[in-house]
Amino acid sequence: MKVRTRFAPSPTGLLHIGGVRTALFSWAFAKKHGGQFVLRIEDTDLERSTPESVAAIMDGMHWVGLDYDEGPFYQMQRMDRYKTVIQHLLDSGHAYYCYCSKEELEAQRAEAESRGEKPRYNRAWRPETGKTLPAIPSDITPVVRFKTPMGGSVVWYDQVKGRIEISHDELDDLILARPDGTPTYNFCVVVDDWDMQITHVIRGDDHVNNTPRQIVIYQALDATVPLFAHLPMIHNDQGVKLSKRRDAVSVVDYDKQGILPEALLNYLARLGWGHGDDEIFSLTQFIEWFDLKDVSGSPSRMDRDKLLWTNAQYIKAADPAQLAARVAGFLADKGVSTEGGPALADVCALLKDRCQTLVEMADQAEYFYRALTPTQEIADKHLTPTDEERLKLFAEAAASLATWDAASLGALIKEFVKQQGVKMPQVGMPIRAKVCGITNTPSVDAVLALLGREEVLRRLVA
Ligand code: GLU
1 MKVRTRFAPS PTGLLHIGGV RTALFSWAFA KKHGGQFVLR IEDTDLERST PESVAAIMDG
61 MHWVGLDYDE GPFYQMQRMD RYKTVIQHLL DSGHAYYCYC SKEELEAQRA EAESRGEKPR
121 YNRAWRPETG KTLPAIPSDI TPVVRFKTPM GGSVVWYDQV KGRIEISHDE LDDLILARPD
181 GTPTYNFCVV VDDWDMQITH VIRGDDHVNN TPRQIVIYQA LDATVPLFAH LPMIHNDQGV
241 KLSKRRDAVS VVDYDKQGIL PEALLNYLAR LGWGHGDDEI FSLTQFIEWF DLKDVSGSPS
301 RMDRDKLLWT NAQYIKAADP AQLAARVAGF LADKGVSTEG GPALADVCAL LKDRCQTLVE
361 MADQAEYFYR ALTPTQEIAD KHLTPTDEER LKLFAEAAAS LATWDAASLG ALIKEFVKQQ
421 GVKMPQVGMP IRAKVCGITN TPSVDAVLAL LGREEVLRRL VA
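First residue of the sequence shown? That's 1 in the UniProt record's numbering, and the numbers climb one at a time after it.
Right, here's the structure in full:
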């Protein structure tokens with residue numbers, strides 16, 4: 001059996017991290033088994049589906065780098081196929097026309113509710129041997145309903161949740177097609193997963209209630225029922241299920257926040273899945289280690305600090321040239337030109353152990369390209385008249401330094417500190433404040449070395 005999985009988002013909002021986690025697990029499972037990963041856009045909800053949302057999904061998938069082997073398929077382009085299958089179910093006696101009016105259904109619902117029962121269609125139009133159906137009303141366009149088996153139950157072995165059994169009696173006779181002939185959600189999913197030969201349906205456990213309704217349709221179609229794996233929900237930091245509306249954070253917003261896509265995927269892989277105590281691992285390792293049986297059945301919680309920590313590990317390990325390519329964009333957004341300044345890759349190499357995001361890195365890189373004015377607080381603390389006097393003396397010493405590199409600068413500063421009879425911070429902090437405008441910087445000799453003699457002297461005497 002060739003493993004085939006899919007990600008089937010509805011384009012009714014942003015691609016948020018819950019969706020990406022589902023996509024990641026489906027993708028990794030297919031990769032692990034040398035199988036295929038399919039992208040399908042479930043766009044039959046015409047009122048809520050938007051082209052912007054389709055674009056957001058595609059952008060998000062591209063940004064995180066989850067490549068699909070087939071698709072994107074669009075359900076709206078498969079209408080003819082759904083209609084053919086509905087006709088087939090009608091012909092084979094697994095579906096029937098129902099002419100119940102809205103008012104009748106409303107009355108049935110009210111009655112069930114008054115008895116404290118679940119609202120349920122009374123199956124008046126369901127054909128049975130020996131049963132006479134009502135006369136067809138002329139003013140009603142029928143819906144098509146699925147003839148759900150009665151008695152017995154649906155059983156499946158969920159790859160995450162274990163054995164689940166739902167009695168057929170709990171399932172209504174699902175509407176397959178609306179009066180205008182458009183097929184309904186649960187039905188389209190079955191036809192798609194069947195046609196696309198999906199072997200493992202890996203999706204959020206908000207779909208677990210749909211699964212028995214879908215399985216009975218597979219059975220009526222004589223189609224192989226795929227395996228199902230329902231992933232636990234992700235909760236926000238208040239412990240409430242992430243919602244598309246309330247916690248609408250598009251995955252590409254993480255890009256804007258300076259999160260690396262590799263770090264986001266690593267973080268998401270740990271939401272509801274684990275491999276011992278491993279926190280940082282490559283996608284290759286994830287694919288190798290991933291198994292549905294290790295997915296936790298209980299919800300996991302979005303933890304911003306952990307995401308930032310993960311991102312910091314990725315920044316630390318990243319190639320400075322690659323960081324520079326990304327940080328350049330953030331600097332440009334701030335109106336900072338790197339022309340004439342030190343190579344951005346060298347700056348990133350110096351900063352990469354100190355930043356949790358690329359935004360932070362761009363903020364810290366800024367003083368390498370333009371002098372920043374220190375805040376009043378910094379000036380009061382580190383740029384007193386005594387400090388300024390001392391900085392002038394230091395500038396003189398630096399001007400005649402034979403070689404301008406970190407080692408020589410380090411030695412010079414040490415010597416200067418001794419000669420002035422002060423402590424290291426009394427020289428280091430004023431230099432930072434004067435040259436960088438901030439005091440939170442890497443070691444001062446390395447910063448000065450990178451900035452270059454000319455620029456440092458200019459700033460020291462400014
Ligand atoms: N379109 C559904 C959603 O976005 C997913 C359906 C499925 O995975 O079966 O929630």
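The beta carbon of each residue, even a glycine, is placed where N, CA and C say it ideally should be.
Distance from the CA atom of ALA124 to the CA atom of LEU105, rounded to whole angstroms, is 11 Å. When the alpha-carbon of PRO9 is set against those of GLY19, MET1, VAL3 and LYS2, the nearest one is in GLY19.
Secondary structure of PHE281 (DSSP, three-state): coil. Following the DSSP letters along the chain, one finds SER153 in no alpha helix (DSSP H) but inside the beta strand (DSSP E) bounded by residues 153 to 158.
Straight through space, the alpha carbons of GLN376 and ARG354 are spaced by roughly 25 Å. Secondary structure of CYS98 (DSSP, three-state): strand. Contact between LEU383 and PRO430 holds, since their C-beta atoms are separated by about 6 Å, short of 8 Å.
Each of PRO212, LEU171, ALA229 and LYS352 was checked against the Cα of THR199, and the nearest Cα belongs to ALA229. Out of SER138, CYS436, LEU307 and GLY151, the CA that lies nearest to the CA of TYR254 is found in LEU307. Taking all protein chains shown into account, SER101 has fewer than 16 neighbouring C-beta atoms within 10 Å of its C-beta and is therefore exposed. When DSSP states are grouped into helix, strand and coil, GLU70 belongs to the strand group. Just so you know, the alpha carbons of SER400 and GLU455 end up roughly 15 Å apart. LYS423 sits in coil when the DSSP states are folded into three classes, being neither helix nor strand. Placement of the Cβ of GLU454 at a distance of 7 Å or more from every heavy atom of the ligand GLU is found. Runs of the alpha helix (DSSP H) spanning 4 or more residues and lying entirely within the segment 173 to 209 occur at 185 to 195, in chain order. Look at the segment 382 to 413 and you find these whole runs of alpha helix (DSSP H), each 4 residues long or longer: 385 to 399.
In its chain, beyond the 5 residues on either side, LEU409 and VAL456 have a beta carbon closer than 6 Å to the beta carbon of LEU448. Here ALA95 has ILE86, LEU89, VAL144, ARG145, PHE146, LYS147 and LEU176 as same chain residues with Cβ atoms under 7 Å from its own Cβ, once five neighbours each way along the sequence are excluded. Between LEU265 and the set LEU66, THR182, ASN236 and LEU460, the nearest pair of CA atoms involves LEU66. The three-state reading of DSSP puts ILE166 in strand, counting E and B together. Note: ARG459 is not bridge-paired with any residue in the DSSP secondary-structure output. ALA402 and VAL327 have their C-alpha atoms roughly 33 Å apart. Using a Cβ distance threshold of 8 Å, THR22 and ARG203 count as a contacting pair. Annotated three-state conformation of THR224 is coil, per DSSP.
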